[in-house]
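Numbering (my numbering), first residue to last: 31 to 224.
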């Protein structure tokens, strides 16, 4: 009895294979590859983060969103605990910039571990247009006072995290425009050739 059930199941799986559409066959083979599934998940996350870059990035990626007091700054990773104790809300330490005699009066950035800047969700920030036409000024995260730079800043004080997200969006636009131009040219050339 058990053998007939196994044989019937095997017969059904063979029939499903031969009656499956091309899309179902491709998806079945794709699901078997773990690396392909991980790569697809990463690609989807990158595409979504690129599409919603103005909302996800805390600052304007251009010179308008720069932090002139934190040039060439190190990444600021949110923390829950420090030497002063722990907090349920993530925070970063305040950063102070001053000229130092030890470095021939060059700017030196020091971390003030006694002052915490707490992260907030959906703070008001720089104005933007999502998809080029939906106005907004709320961002996913920010700090109450000062600025947070997850990937640090460049020599102009621009937030590298914001610039990275907006670069993803620009790359997506270039790719879509390229595909659209190739599609239109293929339609024209194919239509002319008959």
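Even glycine gets a Cβ: it sits at the ideal position worked out from N, Cα and C.
In this text the structure is predicted, and so the values were computed from the model without any measurement.
Do you know offhand how far residue i's Cα is from residue j's?
i	j	result
residue 39	residue 67	27 Å
residue 200	residue 79	12 Å
residue 76	residue 128	38 Å
residue 183	residue 108	16 Å
residue 204	residue 48	40 Å
residue 55	residue 63	13 Å
residue 51	residue 57	10 Å
residue 115	residue 202	43 Å
residue 53	residue 43	17 Å
residue 223	residue 213	15 Å
Report yes if the CB atom of residue i is closer than 8 Å to the CB atom of residue j, and no otherwise.
i	j	result
residue 85	residue 169	yes
residue 185	residue 133	no
residue 106	residue 180	yes
residue 119	residue 149	yes
residue 157	residue 89	no
residue 143	residue 113	yes
residue 166	residue 153	no
residue 187	residue 147	no
residue 95	residue 139	no
residue 163	residue 87	no
residue 81	residue 122	no
Which residue marks the beginning of the alpha helix (DSSP H) containing residue i, and which one marks its end?
i	result
residue 62	52-62
residue 200	190-223
Starting from residue i, trace the beta strand (DSSP E) both ways and give me its first and last residue.
i	result
residue 110	109-112
Taking residue i and residue j to be in contact with their CB atoms under 8 Å, please state how far apart those CB atoms are, rounded to whole angstroms.
i	j	result
residue 83	residue 198	6 Å
At 3 residues or longer, and completely inside the segment 127-179: list those beta strand (DSSP E) runs for me, N to C.
If we require 3 residues or more, the beta strand (DSSP E) runs fully inside the segment 127-179 come out as 136-151, 154-160, 164-168, 171-173.
4-residue-minimum alpha helix (DSSP H) runs that sit fully inside the segment 77-101, ordered along the chain
83-86
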